[in-house]
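A.B. asks:
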């Protein structure tokens, strides 16, 4: 029997349940098998469906019964209004990128790569080895496992030019994901009520972390080649800010990579203003036609606070990242992290280190580059053919996303609803702007599941844009 048979049995049983009293006993599995001429497995699937919907409950050794519906008295939480008072800062709602959707949907909204793009074999083996080792039972140092600190320092140091001192392992603080690192950096280095310069558009999680830290965000426009150094200098002068958050390589959401020399220009401005550049290198492992060279590799005077994450490239279940900072700034960040979480799981640190030091890791990254390129090119081609109204300003050289500008006046909420009703999930671009959006944009992730559905997804988006304009 197939799933249709299971659904048919579940439907018939729902009709029976609707007319039965709470607590009524259902016929035995053997009786249902005989009545519906179905296999025991098919009957069990139907019963599992009804259980999941809360219609029946199983009592081992007794039978299966119609579940009694209990009416609960509504709880009154009004007292909390007085206890909590007004929030110090209004936190943005969670981005569409974090939504869970049905498996059969065409998903362009997620910020994470599909499972088939992860080094699954390496991850499973690493977790097994870590569980058998000392890391499973011991507390790691507050700043992280020394071996993992060394790996992060070496990774950044590999790009350091001659004449620049590479980072030391002691400059590294291991984090439970880069999101917590952003919160600590903004709190420790800017402080509540102080200005923070931020590329616009930018990562929605950084906007959320800034709101949580209570800093005052000042947007700095940034295009395909990065921010205008003169505009950045003017923003520093006008606001008195001492912190600039940016993503020089494969920015989320735009996919932009700063033009050659732009990093040095920005670094010159930051040094002249006695400020910090917070460099978020989240997509370091996702180069396609270029390889990222961090701005931090050209700074040894502590002006760049560098973030590197393994969460998206290794596994979302292994939330490991690191911040590399020099001087008192590092101590302040470490102090904030210690107050927040004391230390990062040694088990996850050991597993992450195991994965990235295996010979198969570099093999995986080479394969990943080709897979991302084919997915990116397929989505670009599909959008240009089926949704030419969505203007793709530039094709990213790395990262996971396309950033598309829609016609002025597009109702993004309506567009998202129309697409979703046809089985396509998109992310409206407003979540990536620290202030008012500069236009109507959508972000499309090309690293999600089922790339074969990209052309159909683009066709549905194109049709929805056309309806939106009428």
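Residue numbers (our numbering): 92 to 561.
Glycine included, C-beta positions come from ideal geometry on N, C-alpha and C.
Between 557, 498, 105 and 110, which lies nearest to residue 139 when the distance is taken from Cα to Cα?
C.D. replies: 105
A.B. asks: Three-state secondary structure (DSSP) at residue 335?
C.D. replies: DSSP places residue 335 in the strand class (E or B) of the three-state scheme.
A.B. asks: With DSSP as the reference, please indicate the residues paired to residue 116 in a beta bridge.
C.D. replies: In the DSSP output, where bridge partners are listed per residue, residue 116 has 156.
A.B. asks: List in chain order: all unbroken alpha helix (DSSP H) runs of 4+ residues lying wholly within the region 289 to 319.
C.D. replies: 295 to 304
A.B. asks: For residue 394, I'd like the list of residues in its chain whose CB is within less than 8 angstroms of its CB, leaving aside the five on either flank, ordered along the chain.
C.D. replies: A distance below 8 angstroms between beta-carbons, with the five flanking residues on each side excluded, links residue 394 to the following residues of its chain, in chain order: 358, 361, 362, 366, 367 and 368.
A.B. asks: For residue 473, count neighbouring Cβ atoms within 10 angstroms of its own Cβ and tell me buried if that reaches 16, exposed if not.
C.D. replies: buried
A.B. asks: If the criterion is Cβ atoms closer than 8 angstroms, does the pair residue 277 and residue 306 meet it?
C.D. replies: Yes, these two residues count as a Cβ contact at 8 angstroms.
A.B. asks: I need the DSSP call for residue 126, collapsed to helix, strand or coil.
C.D. replies: In the structure shown, residue 126 sits in a helix (DSSP, three-state: H, G or I).
A.B. asks: Just checking, does the region 339 to 355 make contact with the region 481 to 498 on the three C-beta pairs under 8 angstroms criterion?
C.D. replies: yes
A.B. asks: Taking residue 469 as the reference, which of 457, 528 and 543 has the closest Cα?
C.D. replies: 543
A.B. asks: Quick one: grab the DSSP three-state call for residue 259.
C.D. replies: coil
A.B. asks: Would the beta-carbon of residue 496 fall within 8 angstroms of that of residue 482?
C.D. replies: Contact: yes.
A.B. asks: Please determine, among 533, 504, 512 and 236, the residue with the shortest C-alpha to C-alpha distance to residue 518.
C.D. replies: Answer by Cα proximity: 533.
A.B. asks: I'd like the list of long-range same chain contacts for residue 159, defined as Cβ closer than 7 angstroms, with 5 residues on each side in sequence excluded.
C.D. replies: 113 and 114
A.B. asks: Helix, strand or coil for residue 228, going by three-state DSSP, please let me know.
C.D. replies: coil
A.B. asks: Can you find at least 3 beta carbon pairs, one from the region 376 to 394 and one from the region 416 to 436, that sit closer than 8 angstroms?
C.D. replies: yes
A.B. asks: Within the continuous beta strand (DSSP E) that includes residue 400, where are the two ends?
C.D. replies: 395 to 400
A.B. asks: Please classify residue 132: is it buried, with 16 or more other beta-carbons within 10 angstroms of its beta-carbon, or exposed?
C.D. replies: exposed
A.B. asks: Note down the Cα distance separating residue 92 from residue 107, rounded to an integer number of angstroms.
C.D. replies: Note that residue 92 has pLDDT 42, beneath the 50 cutoff, so the model's placement of it is unreliable and no number is given.
A.B. asks: Ignore the nearest five residues each way along the sequence and tell me which others in residue 404's own chain have a CB closer than 6 angstroms to its CB.
C.D. replies: Excluding positions up to five away in sequence, the list reads 376.
A.B. asks: Considering just the uninterrupted stretch of the alpha helix (DSSP H) at residue 468, what are its terminal residues?
C.D. replies: 450 to 477
A.B. asks: Give me, in chain order, the residues of the same chain whose beta-carbon lies closer than 8 angstroms to that of residue 145; leave out the 5 immediate sequence neighbours on both sides.
C.D. replies: 158
A.B. asks: Indicate whether the contact test is met: 3 or more Cβ pairs, each with one atom in the region 435 to 445 and one in the region 293 to 303, closer than 8 angstroms.
C.D. replies: no
A.B. asks: To the nearest angstrom, report how far apart residue 289 and residue 475 are at their CA atoms.
C.D. replies: 31 angstroms
A.B. asks: Which residues in the same chain as residue 259 place their Cβ atom closer than 8 angstroms to its Cβ, once the five residues preceding and following it in sequence are excluded?
C.D. replies: 244
A.B. asks: Looking only at C-alpha atoms, which of 422, 196, 449 and 217 sits nearest to residue 545?
C.D. replies: Out of 422, 196, 449 and 217, 196 has the C-alpha closest to the C-alpha of residue 545.
A.B. asks: Measuring alpha carbon to alpha carbon, tell me which of 250, 143 and 539 ends up nearest residue 207.
C.D. replies: The candidate whose alpha carbon is nearest that of residue 207 is 539.
A.B. asks: Could you pull the DSSP bridge partners for residue 110 from this structure?
C.D. replies: Note: residue 110 sits in no beta bridge, so no partner.
A.B. asks: Does the separation of the CB atoms of residue 280 and residue 334 fall below 8 angstroms?
C.D. replies: In contact: residue 280 and residue 334 (Cβ atoms closer than 8 angstroms).
A.B. asks: With a threshold of 16 other CB atoms inside 10 Å of the CB of residue 153, please say whether the residue is buried or exposed.
C.D. replies: Under this definition residue 153 is an exposed residue.
A.B. asks: Once DSSP output is grouped into helix, strand and coil, what is the label at residue 541?
C.D. replies: Residue 541 sits in coil when the DSSP states are folded into three classes, being neither helix nor strand.
A.B. asks: Could you give the distance in angstroms between the alpha-carbon of residue 235 and the alpha-carbon of residue 456?
C.D. replies: Straight-line measurement puts the Cα of residue 456 at about 25 angstroms from the Cα of residue 235.
A.B. asks: Express the C-alpha separation of residue 374 and residue 492 in angstroms, rounding to a whole number.
C.D. replies: 11 angstroms
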